[in-house]
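A.B. asks: Have a look at this one before I ask anything.
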Amino acid sequence: MTAVDHANAGCRRLYGEDGLSFGLGFPLTGEQESTPDIDTELRFASHAEDVGFDALWARDVPTYWPRFGDAGGAFDPWSLLSHVAAHTESVALGTASIVLPLRHPIHVAKSAATVDRFSDGRLVLGIASGDRDPEYPAFDVDPENRGQLVRESVDALRALWRDEYPTIDGSWGQIDGELDVLPKPTTDTLPLFPTGNARQSTEWIAENGDGWIFYHLPESTLESYLDTWRSHAPEKPFTIALQVEFAADPTAEPEPLHQGYRAGVEWFREYFRRLEGYGLDHVIVGLRAAEPAAAMTTFANEIIDEL
Numbered sequence: 389m390t391a392v393d394h395a396n397a398g399c400r401r402l403y404g405e406d407g408l409s410f411g412l413g414f415p416l417t418g419e420q421e422s423t424p425d426i427d428t429e430l431r432f433a434s435h436a437e438d439v440g441f442d443a444l445w446a447r448d449v450p451t452y453w454p455r456f457g458d459a460g461g462a463f464d465p466w467s468l469l470s471h472v473a474a475h476t477e478s479v480a481l482g483t484a485s486i487v488l489p490l491r492h493p494i495h496v497a498k499s500a501a502t503v504d505r506f507s508d509g510r511l512v513l514g515i516a517s518g519d520r521d522p523e524y525p526a527f528d529v530d531p532e533n534r535g536q537l538v539r540e541s542v543d544a545l546r547a548l549w550r551d552e553y554p555t556i557d558g559s560w561g562q563i564d565g566e567l568d569v570l571p572k573p574t575t576d577t578l579p580l581f582p583t584g585n586a587r588q589s590t591e592w593i594a595e596n597g598d599g600w601i602f603y604h605l606p607e608s609t610l611e612s613y614l615d616t617w618r619s620h621a622p623e624k625p626f627t628i629a630l631q632v633e634f635a636a637d638p639t640a641e642p643e644p645l646h647q648g649y650r651a652g653v654e655w656f657r658e659y660f661r662r663l664e665g666y667g668l669d670h671v672i673v674g675l676r677a678a679e680p681a682a683a684m685t686t687f688a689n690e691i692i693d694e695l
């Protein structure tokens with residue numbers, strides 16, 4: 389576990405102390421293949437903050453591909469997080485994750501800094517290379533260039549946030565010192581968390597990222613990943629995304645779900661204690677429930693408060 393001393397308020401909320409923290413992933417209503425009701429999403433977001441979750445994470449899914457079976461909540465992440473910022477007080481706001489090869493870095497820099505300003509510094513940026521094959525021709529992007537585009541975007545974002553009238557160039561275009569991009573974020577740069585491998589080496593992620601977001605992994609594999617990560621970046625946090633569904637029986641043993649488990653709350657409590665012991669820093673929970681608010685309360689009371 390890593391205590392991060394970062395000026396960004398969102399990063400401090402998630403990683404400012406030793407111990408495992410928890411966030412929730414949108415859509416909080418569970419409407420993965422349609423457009424959820426925004427008033428309900430906002431009500432659940434406020435409830436999540438009230439009961440003790442540390443973050444709310446929005447996904448970046450530019451287009452809906454029925455074969456993939458997941459619209460990611462449908463809403464544009466910048467607009468959604470701006471709206472959520474106005475209805476919450478201190479919970480961190482995360483992207484999990486912005487698909488950099490499909491977005492121009494100037495637009496990303498401006499949108500992210502705007503959300504960061506609107507939320508008083510609560511934005512944490514997961515970034516990714518993407519995984520939906522039909523999106524690349526839709527955006528006229530060669531998928532073979534994804535790795536290069538991620539690296540170019542990260543370099544551009546850092547310069548656009550830190551520098552006034554920067555001089556930078558890439559395959560996306562160039563700025564020659566006559567233009568600036570406003571607003572600047574609340575800190576010199578925003579925290580960037582590559583997601584998965586993002587077509588990069590572990591060494592590159594450790595050097596250029598502020599932490600690493602990964603998917604659900606079996607425990608032994610996760611422990612190995614954490615050991616490797618600590619050898620490369622001992623001061624940077626590690627986050628996973630995990631699907632969680634509570635069984636009616638609190639003592640029920642786990643059944644596998646896609647990217648997670650269905651199990652009793654007692655099993656989950658011990659499971660997260662083990663992950664905390666391995667050195668995991670944060671979990672983005674995809675909470676599956678017919679009554680989301682009640683499940684959030686149960687998770688907070690039985691797991692967050694007990695760790």
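Letter by letter, the sequence shown follows residues 389 to 695 in the numbering used here. Even glycine gets a Cβ: it sits at the ideal position worked out from N, Cα and C. Predicted model only: the values in this text are computed from it and were never measured.
Unbroken alpha helix (DSSP H) runs of length 4 or more, entirely within the stretch 395-467: which are they?
C.D. replies: Runs of the alpha helix (DSSP H) inside the stretch 395-467: 397-403 and 426-439.
A.B. asks: Please say whether D442 and S409 have beta carbons closer to each other than 7 Å?
C.D. replies: In this structure, D442 lies closer than 7 Å to S409 by Cβ.
A.B. asks: By DSSP's criteria, F634 is part of a beta bridge. Which residues make up the other side?
C.D. replies: According to DSSP, F634 bridges with A651.
A.B. asks: Rank V653, E658 and G584 by C-alpha distance to the C-alpha of F626 and give the top, closest one.
C.D. replies: Comparing Cα positions, the closest option is G584.
A.B. asks: If you follow the beta strand (DSSP E) that R676 is part of, which residue opens it and which one closes it?
C.D. replies: Counting along the chain, the beta strand (DSSP E) containing R676 begins and ends at H670 to R676.
A.B. asks: Check whether the stretch 674-682 and the stretch 513-526 are in contact - that is, three or more C-beta pairs closer than 8 Å.
C.D. replies: In short, these stretches do not touch, since the Cβ pair count stays below three.
A.B. asks: Express the C-alpha separation of Y553 and R676 in angstroms, rounding to a whole number.
C.D. replies: Approximately 46 Å between the Cα atoms of the pair.
A.B. asks: Exposed or buried, which one is L567 when buried takes at least 16 other CB atoms within 10 Å?
C.D. replies: When all chains shown are included, L567 counts as exposed.
A.B. asks: I'd like to check one pair, P638 with E658: are the Cβ atoms closer than 7 Å?
C.D. replies: The answer is no: Cβ separation not under 7 Å.
A.B. asks: Would the stretch 530-543 and the stretch 454-470 be scored as touching if the rule is three or more Cβ pairs under 8 Å?
C.D. replies: No, the stretch 530-543 is not in contact with the stretch 454-470.
A.B. asks: Name the DSSP bridge partner or partners of F602?
C.D. replies: In DSSP, F602 forms a bridge with I628.
A.B. asks: Give me, in chain order, the residues of the same chain whose beta-carbon lies closer than 8 Å to that of R447; leave out the 5 immediate sequence neighbours on both sides.
C.D. replies: Taken in chain order, the residues that qualify are G413, F414, G460, G461, P465, T483, A484 and S485.
A.B. asks: According to the neighbour-count rule (16 or more other Cβ atoms, all chains shown, within 10 Å of its Cβ), is H670 buried or exposed?
C.D. replies: Looking at its Cβ environment, which holds 16 or more other Cβ atoms inside 10 Å, H670 is buried.
A.B. asks: Using a Cβ distance threshold of 8 Å, determine whether the stretch 590-600 contacts the stretch 558-576, with at least three qualifying pairs required.
C.D. replies: At 8 Å Cβ cutoff, the stretches do not touch.
A.B. asks: What does a CB cutoff of less than 6 Å around Y452 pick up in its chain, not counting 5 residues either side in sequence?
C.D. replies: Excluding sequence neighbours, Y452 sits near A459.
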